[in-house]
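Report on the structure given below.
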């Protein structure tokens, strides 16, 4: 069975790498990068995730702009926003731009796994 | 107890130089005092002026009237005296013309003439016939004056030079005050003049003067040029007493002057009695003795007192009412200022809370993930001797993270109370956006959400972000309330001209009335279970936002049936459209 590929984009690398490691332990193929630029470098290598876990507030290109770029690059990739600073407006704006869901840090791993599975299964198992 | 009367003079009107530093209560008291004084001045100044002018004018009128009356009365008295004396003089002249000295020396004839004259002129005391040598030839009267010689008497000498003469009052041989009317006539048969004399005592004159007296006249008497009394005076005594006149009367008519009598001013009328050496003096009571003046003065005082009391009472009522109204509006203004200040503080705290929550959430997330990773790894390491103990410690760590997470989420909820940015908004659109955010969670729990949006609804002027927050809070509460397989319905309709109503209904367990009445209070929450933890701020914030946006929010709930939240928003009218901050 093919593992679900998950990319974590977060400027808090310690968080991103730890989360990636935990997801790996749960049979996901996950990678962590700290910016949108690094994510696109990874895409150029041919590695394409089914689900991206994206931080909202990042230096440089922020989460909503990154979301737009990802959706433009590949609309099939589902993005889950995971942020420490959530607001209704940003959540709704994200949903409007094609966000799959919106979660607040710190998140329960089981809830996150559930969302990843839902997102990955959106276009059929 | 606070002072109503201020300590210093400037405090009466201005409450001191620094009234801004006073409390509302002190300012209100000061304002009330100022209003009371101002209104009393406004009412009392015209009243005092009216009363004062009336007092002066009426006194002047009375004074003039009293002068006219006194002059008229004195003139009357003078004319009466003159008429009396003229009648006597005419009678004496008639006798002297009608009879010869030879006829008059006959005692019988002379006595008869006297009796006739006395019958007609009651004041007549006696009648004498004096020969050319000054010796009395005939006498008719009560005194023994026969043979007396008057050649040295001043009246006799003056009578010889005039046709008829009225003397001053003198004692004479009888030693009783009297005056004489004498007529002299040349003797055609011999040399010299004979004189017919009539005597009148001063008691007759007194009686006569008292007869012309009236109640307004205080004193009436006669004096000669030297000021010697010719009749009795009420104040100056009997005949021959001395009276000092400050000025002499005019040769004709009545002269009016004011004089002091007993410390009060009196009106004095003086005038010569024609054909006599006498001056008539008539003293009148001042106008201040008059009943009309006393009555007018007491009525004026009564009117002034009534007006003073009435205007004082009205001014007090009005000042109290105005001061209370102004105090109320000041208190409202202060409350609004406090609320504004409080809102500003809350906004600052909110921004700070948002920053803190964000900054804490990220390290919390790292701790959470690290803890989770350690747990994951330990669960796979079955041979680790302290595995269970470590797992227990890591559970504790996760619980601490979870508690911290609740706190930061509360802070963020609080921070969502942002400033209003108005724009033209279609309510169904905002509700759809919010539902797009929530429908996955609802679908996961098999909750049905039905929408009834009336077509052609007008837009509202509002803040999109805050509207989203309102609907998110209420719909989220409904989702929590209905639970697995519940139903929620959302309708938007125009209920009245210019008002849009959003009803969010659920078929949850409902809210008990005692809870419903507190549901919009801050920090009031029913979500205290293991699965649900509420901040108690969601509905409170929603209520505040709705009110701030000019709307209203009510809850109607029946336990066991469900709950409906109704939110009213003012729709955009033509005017608001023109003046509103439409950013589209």
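Protein chains in written order, with the numbering used here: chain R, 1 to 125; chain A, 1 to 584.
The beta-carbon is built from N, C-alpha and C at its ideal position, and this holds for glycine as well.
Return the bridge partner residues of residue 193(A) from the DSSP annotation.
Beta-bridge annotation (DSSP): residue 193(A) is paired with 186(A).
Counting only beta-carbon atoms, is residue 18(R) nearer than 8 Å to chain A?
So yes, residue 18(R) belongs to the interface.
Please classify residue 429(A): is it buried, with 16 or more other beta-carbons within 10 angstroms of its beta-carbon, or exposed?
Flag for residue 429(A) reads exposed.
Express the C-alpha separation of residue 360(A) and residue 535(A) in angstroms, rounding to a whole number.
The predicted model places residue 535(A) with a pLDDT of 48, which falls under 50 and marks its position as unreliable; any figure quoted below should be read in that light. Near 18 Å, if we compare the C-alpha coordinates of residue 360(A) and residue 535(A).
Compare the C-beta of residue 67(R) with all C-beta atoms of chain A and state if any pair is closer than 8 Å.
Not closer than 8 Å to any Cβ of chain A, the Cβ of residue 67(R) fails to qualify, so no.
Under 8 Å, Cβ to Cβ, is there at least one residue of chain R near residue 569(A)?
Taking Cβ atoms only, chain R never reaches closer than 8 Å to residue 569(A), which makes this a no.
With a threshold of 8 Å between beta carbons, is residue 57(R) in contact with chain A?
Taking 8 Å as the threshold, the shortest C-beta distance from residue 57(R) to chain A falls below it.
For residue 587(A), report the span of its alpha helix (DSSP H) as first-last.
The structure shown has nothing for residue 587(A), since chain A only spans 1 to 584.
Does DSSP put residue 533(A) in a helix, a strand or coil?
Residue confidence is low: residue 533(A) scores 49 on pLDDT, short of 50, so the model does not pin down where it sits. Its coordinate-derived value is still stated next. Three-state DSSP puts residue 533(A) in coil, outside helix and strand.
Taking only beta-carbon positions, decide if residue 393(A) is within less than 8 Å of chain R.
With a threshold of 8 Å between beta carbons, residue 393(A) makes no contact with chain R.
How long is the line joining the alpha carbons of residue 212(A) and residue 80(A), rounded to whole angstroms?
Each residue's alpha carbon lies about 8 Å from the other.
Quick one: which residues of the stretch 349-367 of chain A get their C-beta closer than 9 Å to a C-beta of chain R? List them in chain order.
The residues in question are 354, 355, 357, 358, 359, 360, 361, 362, 363, 364, 365, 366 and 367.
Can you tell me the Cα-Cα spacing of residue 174(A) and residue 137(A), whole angstroms?
Approximately 17 Å, taken between the alpha carbons.
Does residue 492(A) come within less than 8 Å of chain R when only Cβ atoms are used?
No, its Cβ sits nowhere closer than 8 Å to a Cβ of chain R.
Since residue 195(A) and residue 130(A) should fall inside the 8 Å C-beta cutoff, what is the C-beta to C-beta distance between them, to a whole number of angstroms?
For residue 195(A) against residue 130(A), the beta-carbon gap comes to about 4 Å, under 8 Å, which counts as contact.
Can you look up residue 225(A) in the DSSP assignment and give me helix, strand or coil?
In the structure shown, the three-state DSSP call for residue 225(A) is coil.
Residues near residue 187(A) in its chain [Cβ-Cβ closer than 7 Å; skip 5 each side]:
101, 132, 193 and 194.
Extent of the continuous alpha helix (DSSP H) to which residue 203(A) belongs:
Its alpha helix (DSSP H) spans residues 202-212.
Look at the Cβ atom of residue 433(A), then the Cβ atom of residue 468(A), and state whether they are nearer than 8 Å.
A contact, by the Cβ cut-off of 8 Å.
Starting from residue 506(A), find everything on chain R with Cβ-Cβ shorter than 7 Å and list it in chain order.
Going along chain R, no residue has its Cβ under 7 Å from residue 506(A), so there is no contact; the nearest lies around 20 Å.
Whole angstroms is fine: what's the gap from residue 454(A)'s alpha carbon to residue 51(R)'s?
For residue 454(A) and residue 51(R), the gap between their C-alpha atoms comes out near 39 Å.
Any idea what DSSP makes of residue 199(A), helix, strand or coil?
Here DSSP, grouped into helix, strand and coil, assigns residue 199(A) to strand.
Using a Cβ cut-off of 8 Å, which residues of the stretch 323-342 of chain A contact any Cβ in chain R, in chain order?
Here the close residues number zero.
8 Å is my cut-off, CB to CB: does residue 545(A) come that close to chain R?
By this cut-off, residue 545(A) is not an interface position.
In chain R, which residues lie with their C-beta within 8 Å of the C-beta of residue 451(A)?
Correct list: empty, because the minimum Cβ distance to chain R is about 17 Å.
Beta-carbon of residue 437(A) versus every beta-carbon of chain R: anything under 8 Å?
Using beta-carbon distances, residue 437(A) counts as an interface residue toward chain R, with a partner under 8 Å.
Output needed for residue 530(A): all residues of its chain with C-beta closer than 8 Å, excluding positions within five of it in sequence on either side, in chain order.
Residue placement at residue 530(A) cannot be trusted, given a pLDDT of 45 that sits under 50; what the coordinates show is reported in the next sentence. Close CB contacts of residue 530(A) within its chain, under the 8 Å cut and outside five residues either way in sequence, are absent.
Which residue from 354(A), 516(A), 150(A) and 30(A) puts its Cα closest to that of residue 408(A)?
The candidate whose alpha carbon is nearest that of residue 408(A) is 354(A).
Per DSSP, residue 103(R) is paired with what?
In the DSSP output, where bridge partners are listed per residue, residue 103(R) has 82(R).
At the 8 Å Cβ level, is residue 91(R) part of the contact set with chain A, yes or no?
By this cut-off, residue 91(R) is an interface position.
What residues of chain A sit near residue 21(R), judged by a beta carbon separation below 7 Å?
373, listed in chain order.
If we count Cβ pairs, one from each stretch, closer than 8 Å, do we get three or more for the stretch 498-506 of chain A versus the stretch 551-571 of chain A?
Touching, per the Cβ criterion.
Under 8 Å, with one C-beta from each stretch per pair, do the stretch 322-342 of chain A and the stretch 21-33 of chain A reach the 3-pair mark?
Because the criterion of three Cβ pairs below 8 Å is met, the stretch 322-342 of chain A and the stretch 21-33 of chain A touch.
Whole-number beta carbon distance between residue 83(R) and residue 57(R), since they are thought to touch under 8 Å:
Taking 8 Å as the upper bound for CB-CB distance, residue 57(R) and residue 83(R) are in contact here, some 6 Å apart.
Going by Cα to Cα distance, which pick from 443(A), 318(A) and 78(A) is closest to residue 255(A)?
The option with the nearest alpha carbon to residue 255(A) is 78(A).
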